[in-house]
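See below for the structure under consideration.
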Amino acid sequence: MMSDLTKLKISEARDALRKGDVTSVELTDACLKAIDTADALGAFVHKTPELAMGQAKSADDRIKAGGAPDLCGIPLGIKDLFCTKGVPSQAASAILNGFKPEYESTVTSQLFDAGAVMLGKLNMDEFAMGSSNETSTYGNAINPWRRGNDATALTPGGSSGGSAAAVAADLCLAATGTDTGGSIRQPAAFTGITGIKPTYGRCSRWGIVAFASSLDQAGPMTKDVRDAAIMLEAMCGHDPKDSTSADLPVPNFEAMLTGDIRGKTIGIPREYRMDGMPDAIETLWSEGRCMLEDAGAAIKDISLPHTKYALPTYYVIAPAEASSNLARYDGVRYGHRAKLAQGDGITDMYEKTRAEGFGPEVQRRVMVGTYVLSAGFYDAYYNRARKVRTLIKRDFEDVFAQGVDAILTPATPSAAFELGKKHVDPVEMYLNDVFTVTVNLAGLPGISVPTGVDSNGLPLGLQLIGRPWEEGDLLNTAYALEQAAGFVAKPTQWW
Amino acid sequence: MSIDTETAARVAKLARIRVEPEALPALAQEFSNILGFIEQLNEVDVDGVEPMVSVTPMRLKRRTDGVTDGGMQDKILANAPDAREGFFAVPKVVE
Chain A
1 MMSDLTKLKI SEARDALRKG DVTSVELTDA CLKAIDTADA LGAFVHKTPE LAMGQAKSAD
61 DRIKAGGAPD LCGIPLGIKD LFCTKGVPSQ AASAILNGFK PEYESTVTSQ LFDAGAVMLG
121 KLNMDEFAMG SSNETSTYGN AINPWRRGND ATALTPGGSS GGSAAAVAAD LCLAATGTDT
181 GGSIRQPAAF TGITGIKPTY GRCSRWGIVA FASSLDQAGP MTKDVRDAAI MLEAMCGHDP
241 KDSTSADLPV PNFEAMLTGD IRGKTIGIPR EYRMDGMPDA IETLWSEGRC MLEDAGAAIK
301 DISLPHTKYA LPTYYVIAPA EASSNLARYD GVRYGHRAKL AQGDGITDMY EKTRAEGFGP
361 EVQRRVMVGT YVLSAGFYDA YYNRARKVRT LIKRDFEDVF AQGVDAILTP ATPSAAFELG
421 KKHVDPVEMY LNDVFTVTVN LAGLPGISVP TGVDSNGLPL GLQLIGRPWE EGDLLNTAYA
481 LEQAAGFVAK PTQWW
Chain B
1 MSIDTETAAR VAKLARIRVE PEALPALAQE FSNILGFIEQ LNEVDVDGVE PMVSVTPMRL
61 KRRTDGVTDG GMQDKILANA PDAREGFFAV PKVVE
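This is the structure:
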């Protein structure tokens, strides 16, 4: 039997499984043991060892029979936002306490059909609203990385904080995430892993608890770009149950990883150079630019003039859609219902249930959304934001029309920060998404790749943004960047 | 824009979230901060710009208008906090 099984990448495990060097049962067992020793990370919030071992046994049979898909037998963690049949799925919210879906999300169905193994559900910000995993009803997820020998607990980012922590700590081979404003890419950057948000419409949203339907997309969080390509292919595809899912062929993304980016044009947007940006981020970005240039790409300075309006636009559109999507949590059909006093009517039931079930950030966003959609303010806020969104998307269309193939930016404005530090001011927390949120507003694919560390040894990531539906090309550029950066650092195990 | 406690109370009511009166001033202040942040959008010239409806220019799929699913009352009710005789139960709505 091989050692350090949980450290394997998907591609390595796939090959080892086929050679008979390891079985899925052994891999799964190793991950389950790692998970049980890592409760301090707060990553796995519902463990499913029996389900996992059952799936692993079937996967081993299937691999022996031959012709099994790439993900067959690969142990994964699943973000709590995905509905998984018979397994608690509560979007890290108290309002969904006890909820066990009677159905399976399309993305997890596809993963399970491909033979993947589910180890359990992963922590996240409540309803995916947050950038630090601090709004979860389960408590914080903790970043496996620390600043040198300093034991200060750092955020793994959010909202897919549990996914990021689990992959970085080698508790699973990869995990699912979702991204509404940066929730895959920011935590990936904070934990030294790779995360891709595909083009809006690539993955079915059916069975994923909705936050902001025009922005939400699922994607993989993995140990490298090749794994992202393998797992993304299994997650994508048309689904008649999601009318916004694209009826387009899904390419073999892994086959597109040549590392050859000669003749490609990479845009560097001047508006992403922020005042007060740490030197480490500035350096990382210019090093990334050089790496792509050395690999044969042409570098072009570009302008995305409406960048500074992306965050305020997002904080109108996302809460507006959330206020509508979260109206369904009313204590009638599923989840929590408040205990009622004598004489309480149905409105009391709604109001008490929602006050008890939603945490402060979710309440805040639902109410902001309600306000911007209310009579008298709809035009001034919501319609104006939708118009600015058109302009933000047009900025990208303009640079793509000038021949730009991909855009290179920092993934985050800083390295992972201390838990408890930014909770006081919601707007300060929102600024975390400054480099990622434009991509959701424009519906584009974006990937975060770890390329360096800061002076404390914390990982930092760069983001590449691609043309719509060209994830294959984007992944290949990311692959070239990954090869050049040669990022291999791992957190030291303290948990 | 500055939000007063009366407006905060009205928004909470519309959102069907119970907010105790003593929590309203802090809530109003938070709304004011967030809306202040959002008001940067007033600087943008949006004359003649169409509000975005769909981020990807694609026609929504259509299908025949027929029943595709159903006959699973037990599954629908399985997660209800209170289900009786095949229905969701709620407090009395009409006196």
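So the protein sequences, as listed, match chains A and B.
One point on numbering: in full-length UniProt numbering, the residue at position 198 of the first sequence is 198, and numbering is uninterrupted.
One point on numbering: in full-length UniProt numbering, the residue at position 38 of the second sequence is 38, and numbering is uninterrupted.
Here a beta-carbon is modelled for each residue, glycine too, at the ideal position from N, C-alpha and C.
Checklist line | Cβ neighbours of D294/A in the same chain (closer than 8 Å, five flanking residues each side left out) | finding: Leaving aside the five residues that flank D294/A on each side, the residues in its chain whose CB is nearer than 8 Å to its CB run, in chain order, A484.
Notebook entry, point to check: Cβ of A385/A within 7 Å of Cβ of T438/A?
Noted result: Contact: no.
Checklist line | the region 209–221 of chain A / the region 3–13 of chain B touching (three or more Cβ pairs under 8 Å) | finding: no
Notebook entry, point to check: Does the distance from the CB of A43/A to the CB of A166/A come in under 7 Å?
Noted result: yes
Next item on the list: For my contact list, G369/A and A411/A are in at a C-beta cut-off of 8 Å; report their separation, rounded to the angstrom.
Entry: So it is not a contact: roughly 27 Å between Cβ atoms.
Notebook entry, point to check: What's the C-alpha gap between S109/A and T191/A?
Noted result: 27 Å
Note to self: So, under 8 Å CB-CB, E12/A and V362/A are touching, yes? Tell me the CB distance rounded to an integer number of Å.
What the structure shows: With 8 Å as the limit, E12/A and V362/A do not qualify as a contact, their Cβ atoms being about 39 Å apart.
Margin query: Do I184/A and G219/A count as a contact pair if the criterion is CB distance below 7 Å?
Written below: yes
Check: What's the C-alpha gap between M1/A and V22/A?
Finding: Below a pLDDT of 50, predicted positions are generally treated as unreliable, and M1/A, at 49, falls in that range; no measurement from the model is reported.
Note to self: In the DSSP assignment, the alpha helix (DSSP H) including S58/A goes from what residue to what residue?
What the structure shows: P49 to A65
Margin query: Can you give me the C-alpha to C-alpha distance between residue 500/A and A56/A, rounded to a whole angstrom?
Written below: Beyond the ends of chain A as shown, which are 1 and 495, falls residue 500/A; an answer cannot be given.
Checklist line | Alpha carbon of R394/A to alpha carbon of P198/A, nearest angstrom | finding: 19 Å
Checklist line | Complete beta strand (DSSP E) runs within the region 409–468 of chain A (minimum length 3 residues, chain order) | finding: 446–453 and 459–466
Margin query: What residue range does the alpha helix (DSSP H) around L475/A cover?
Written below: Residues E471 to A485.
Check: G177/A to K352/A, Cα distance in whole Å?
Finding: 31 Å
Note to self: Here's a check: name, in chain order, each residue in its chain whose Cβ is nearer than 6 Å to the Cβ of G403/A, leaving out the five neighbours to either side.
What the structure shows: T265.
Checklist line | Cβ pair count under 8 Å reaching 3, the region 74–82 of chain A against the region 98–114 of chain A | finding: yes
Checklist line | D301/A, enclosing beta strand (DSSP E) - first and last residue | finding: A298 to I302
Notebook entry, point to check: Hey, does A355/A have any beta-carbon neighbour from chain B nearer than 7 Å?
Noted result: yes
Check: With which residues is R84/B paired in a DSSP beta bridge?
Finding: F87/B
Notebook entry, point to check: Between S159/A and the rest of its own chain, which residues show a CB-CB distance below 6 Å, the 5 nearest in sequence each way excluded?
Noted result: M124, D125, A128, G130 and S183
Next item on the list: Could you confirm whether any beta carbon from chain A is found closer than 7 Å to the beta carbon of P51/B?
Entry: yes
Notebook entry, point to check: Alpha carbon to alpha carbon, how far is S448/A from D379/A?
Noted result: 35 Å
Next item on the list: Would you verify that the beta carbon of F87/B is, or is not, closer than 7 Å to some beta carbon of chain A?
Entry: no
Next item on the list: Give the residues from the region 13–44 of chain B that approach chain A closer than 9 Å (Cβ to any Cβ), ordered along the chain.
Entry: K13, L14, A15, R16, I17, R18, V19, E20, L27, E30, F31, N33, I34, L35, G36, F37, I38, E39, Q40, L41, N42, E43 and V44
Margin query: I'd like to know whether the C-beta of P57/B is nearer than 7 Å to at least one C-beta of chain A.
Written below: Answer no: the Cβ-Cβ gap between P57/B and chain A never drops below 7 Å.
Check: G443/A touches chain B at which residues, Cβ-Cβ below 8 Å?
Finding: V55 and T56
Notebook entry, point to check: Under a Cβ-count criterion, where at least 16 other Cβ atoms within 10 Å of its own Cβ denotes burial, should D239/A be classed as buried or exposed?
Noted result: buried
Margin query: Any beta carbon from chain B within less than 7 Å of R333/A's own beta carbon?
Written below: yes
Check: Which same chain residues, not among the five before or five after G181/A, have their C-beta less than 6 Å away from its C-beta?
Finding: Closer than 6 Å at the Cβ level, and outside the excluded window around G181/A, lie Y314, D433, V437 and N440.
Check: Roughly how many whole angstroms lie between the Cα atoms of E233/A and F31/B?
Finding: 42 Å
Item checked: Where the alpha helix (DSSP H) through G71/B begins and ends -> Premise fails: G71/B is in no alpha helix (DSSP H) and is neither H nor E.
Notebook entry, point to check: Checking contacts by CB at 7 Å: is M1/A closer than that to chain B?
Noted result: Bear in mind that the predicted position of M1/A carries a pLDDT of just 49, short of 50, making it too unreliable to give a figure here.
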